[in-house]
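Residues 9 to 683 (my numbering) are what the sequence shown spells out, left to right.
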Amino acid sequence: MCDLKYFRNFKINCFYFEKFKKFTKEVFNMKTRTYFLLICIWFAPVWGLAQEESWDDLLSDVEEFIIVVTASKHERKISETPASVSVLTADQIKRSGARTVPQALRFVVGLDVAVSSSMLGYDLAPRGLNREHSNRVLIMIDNRPIYNNAFGFTEWDFLPISLNDIARIEVIRGPGSCLYGANAFAGVINIITRYHDHLHVMATFGDLDTQNYSLSYGGRSGNLQYSVTGIWDATEGWGKDDDRFDNDYKFIKGNFKLKYHFSKTTTFSIESGLSDGEGADGWRALSIAAEGLDYTDQNYFVQSTFETELLGDDQLKVRGFVYDDDQDRGTQREPEFKFHTTEIELQYAHSPLSRHYLTYGVNYREFSGESPVLSEKRIQELRAGYVQDEVQLSDRLQLIGGFRYDDNSEFGSNISPRISLLCQPKPQMSGWMSYSEAFQAPNMIHSYLLVVTPRPAPDGGTLTIVTHGDKANKPELLRSIELGLRAYNSQKHSLELVLYYNRITDLIAKKPVQPISDVGLQYNADAEFTYYNVDGVSKTYGLEVEVRNQLTTRLTTFFNFTLQDFTDNEGNHKQRMYDPKYKANFGLNWNAPAKISADIYLQYVDERWGTVREMPVDLNSYFTTDIRLGKTFSIDSINFDLDFTVSNLFEDKHYEVPSYAEVGRQWWVRGALQW
């Protein structure tokens with residue numbers, strides 16, 4: 009007779025076995041197996057190395073330290089920085105094969121980068137806070153904010169620099185409002201440029217009618233250091249074969265820098281840049297109408313900085329800049345945008361006591377914006393002050409604390425505190441835990457937008473859509489807890505492990521207005537949308553891991569992995585729009601004999617979702633392979649670099665934002681001559 013209890017247990021065991029089989033099949037699909045194999049290949053030399061050398065031996069062999077300035081507004085060793093920091097050097101940017109700054113940033117751990125339409129070209133933000141027209145990360149060039157003050161986003165195509173101008177890029181993942189204010193909600197990216205000391209000519213051409221030419225020259229005459237760059241940049245973009253997604257552009261750009269050295273510790277610098285060109289805004293084809301999508305843009309900036317040391321190591325810095333941006337849409341609805349920004353900042357850093365290092369400063373900014381999509385011309389003033397104290401509690405323990413006070417004429421005042429505890433059990437090993445708060449101010453779209461949009465109706469008629477802002481919107485608020493571990497042996501072996509928790513309230517989103525309000529009735533609207541603060545709390549739990557290894561004198565690799573788990577304002581586990589739950593990157597760089605170099609980069613991005621015309625759209629996961637081959641030719645003091653890059657080699661076509669064209673394979677060739 010059959011044992012019923014045994015039979016029931018057998019059925020239960022089979023059920024869980026089938027569930028386990030299904031889970032295993034999903035986890036170890038082809039892409040995952042590929043990454044698993046690469047991880048094993050990567051770690052194999054590390055295991056062998058660990059058997060030959062102790063961890064203490066590895067940590068003691070330090071030849072140089074990585075220095076960063078963005079995380080604390082002054083120079084610090086990265087081992088003494090209680091923040092999640094990634095640094096891209098000029099060589100790493102070159103070896104990535106990138107032709108734009110966002111392309112070089114795609115492989116940074118914890119950073120989500122998406123090819124976008126419109127004038128932006130790309131949307132990016134760390135830790136699950138990306139979106140179309142992303143405005144939650146502060147982008148700077150040489151400590152100068154470059155975002156559009158009216159809308160908060162960065163227009164990447166307008167940057168007046170060449171990749172050859174960049175010395176390094178510092179990426180701070182996590183809230184930065186304690187030192188930088190509103191737009192450092194999710195992080196800070198600082199593009200630090202260099203002074204050229206030779207003549208450098210670079211030319212790039214490739215798929216999608218891509219062309220980029222730059223000429224740079226610099227040097228030093230006595231105490232005066234100078235550098236100048238001119239750029240021609242053009243591409244048809246991924247909308248080349250579909251006018252709905254057209255975002256071609258062509259720009260003349262340039263910059264110059266002068267620095268006078270009064271002494272070893274006192275300098276005065278002035279730099280300026282301009283960008284002048286035209287293009288098409290493909291995103292608007294889906295949102296407004298297929299009418300007059302071309303635009304022209306002229307913008308320039310001038311920045312000056314005075315730095316000196318007083319009374320020993322006391323440091324004084326005064327920085328000021330002006331920025332003007334004029335855009336012409338060429339339509340009756342949106343003829344012209346005019347934006348102007350003036351900013352000045354005074355910063356002082358000194359050590360008032362033996363174990364304290366104090367940094368404090370004041371900041372003033374005035375912005376004026378005039379646009380047909382805004383209900384009125386706006387003038388916005390910002391007054392801010394910040395202070396940070398770095399306390400050496402013992403030889404191995406530091407306490408870093410500070411806050412920033414922002415007073416904005418539009419939305420009032422905010423205080424952004426941060427406190428961190430840094431422990432260094434070994435000179436090149438550090439662990440930290442931090443608590444910080446940040447805010448993201450409503451931009452002018454959120455508060456003053458007023459757009460009346462005709463759209464084709466299903467019955468062949470026309471629908472009138474009214475979208476407007478709300479002056480009552482409050483700043484988004486972020487509270488963050490971060491735990492991190494960093495260890496490295498010079499630049500040969502490094503490990504960074506970060507756990508974080510973000511709690512976000514008052515997120516700003518778009519919603520339909522029902523019934524139609526007085527604003528919509530003024531335009532006989534068929535539908536009405538507005539921006540509002542979402543009730544409840546949105547949470548993110550995250551893990552970021554990055555390992556870098558120099559396997560031999562010719563071979564280096566890196567691997568990083570990002571996990572982001574979200575809960576919405578109702579406490580449900582729900583993926584946030586545009587942000588993947590998983591992301592992984594792998595890179596291998598080989599310096600072959602005869603000055604030949606080869607690089608391969610693999611990226612896996614998990615599925616996401618977005619919206620088109622307020623309707624949700626699924627975005628599939630994708631796996632890309634990028635390769636670069638390079639060769640350097642040298643004759644006396646003349647060097648010529650030639651490299652060939654293919655992005656998305658196996659053409660895993662995918663959408664990175666739903667309102668733009670598919671992204672496929674692209675290639676380009678670059679030649680660079682310097683002497």
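C-beta atoms are modelled at their ideal positions from N, C-alpha and C, and glycine is treated no differently.
Your pair Phe-347 and Asn-157 checks out as a contact, with CB atoms roughly 6 Å apart and the cut at 8 Å.
Just so you know, the alpha carbons of Met-437 and Val-553 end up roughly 15 Å apart. DSSP places Arg-584 in no alpha helix (DSSP H); its state is neither H nor E. Here the alpha carbons of Arg-404 and Lys-500 stand approximately 24 Å from one another. Following the DSSP letters along the chain, one finds Tyr-356 in no alpha helix (DSSP H) but inside the beta strand (DSSP E) bounded by residues 344-358. Fully contained in the stretch 435-461 are the following alpha helix (DSSP H) runs of length 4 or more, in chain order: 452-456.
The stretch 521-573 contains, as complete beta strand (DSSP E) runs of 3+ residues, the segments 535-541 and 545-558 (chain order).
Residue ranges of uninterrupted beta strand (DSSP E) with 3 or more members, entirely inside the stretch 101-126 and ordered along the chain, are 119-123. Asn-198 has Met-148 and Glu-178 as its beta-bridge partners, per DSSP. In the pairwise beta carbon analysis, the stretch 205-213 is classified as not touching the stretch 146-160: fewer than three pairs are separated by under 8 Å. Judged by DSSP in its simplified three-state form, Ala-98 adopts helix. Cβ neighbours of Glu-178 within its own chain (closer than 6 Å, five residues either side excluded): Val-76, Thr-78, Val-95 and Asn-198. Here DSSP, grouped into helix, strand and coil, assigns Ile-86 to helix. Take Gln-432, set aside five residues on each side of it, and the residues of its chain with a beta-carbon closer than 6 Å to its own are Arg-404 and Ser-438, in chain order.
In the three-state DSSP reduction, Phe-270 falls in the coil class, being neither helix nor strand. Rounded to the nearest whole angstrom, the C-alpha separation of Tyr-188 and Gly-469 is 49 Å.
Rounded to the nearest angstrom, the gap between the Cα atoms of Val-145 and Val-395 is 21 Å.
Distances from the alpha-carbon of Arg-678 to those of Leu-171, Leu-113 and Tyr-456 put Leu-171 closest. Looking at Gly-136, Pro-601, Val-613 and Thr-619, the one whose alpha-carbon comes closest to that of Lys-639 is Pro-601. In chain order, Arg-103, Asn-597 and Arg-636 place their CB closer than 6 Å to the CB of Asp-607, counting only its own chain and leaving out the 5 sequence neighbours on each side. The count of Cβ pairs closer than 8 Å, one atom from the stretch 274-286 and one from the stretch 308-321, reaches three, so the stretches are in contact. Within the model, the alpha-carbon separation for Lys-591 versus Gln-611 is close to 7 Å. Judged by DSSP secondary structure, Tyr-188 falls within the alpha helix (DSSP H) whose first and last residues are 185-188. Note on geometry: alpha-carbon atoms of Thr-162 and Ser-142 lie some 8 Å from one another. Looking at the DSSP output, Lys-589 shares a beta bridge with no other residue.
Per DSSP, Asp-217 lies in no beta strand (DSSP E) and is assigned neither H nor E. Cβ-Cβ distances below 8 Å link Trp-675 to Gly-214, Asp-215, Phe-652, Thr-653, Val-654 and Ser-655 in the same chain, with the five nearest sequence neighbours on each side left out; the list follows chain order.
Here the alpha carbon of Ala-446 sits roughly 6 Å from the alpha carbon of Leu-485. Annotation for Ala-242: Gln-219 and Lys-258 place their beta carbon closer than 6 Å to its own, counting only its chain and skipping 5 residues before and after.
For Tyr-365, the enclosing beta strand (DSSP E) begins and ends at 364-378. A residue is called buried when at least 16 other Cβ atoms come within 10 angstroms of its Cβ; Pro-134 meets this threshold and is buried.
When the Cα atoms are used, Tyr-609 and Arg-463 turn out to be separated by approximately 42 Å. In this structure, Val-399 lies near Arg-363, with their beta-carbon atoms less than 8 Å apart.
For the pair His-454 and Ile-516, the CB atoms are nearer than the 8 Å cut-off. When Ile-278, Gly-227 and Leu-318 are compared, the shortest CA-CA separation from Ser-271 is found for Leu-318. When DSSP reads this structure, Thr-640 sits in a beta bridge with Asp-649.
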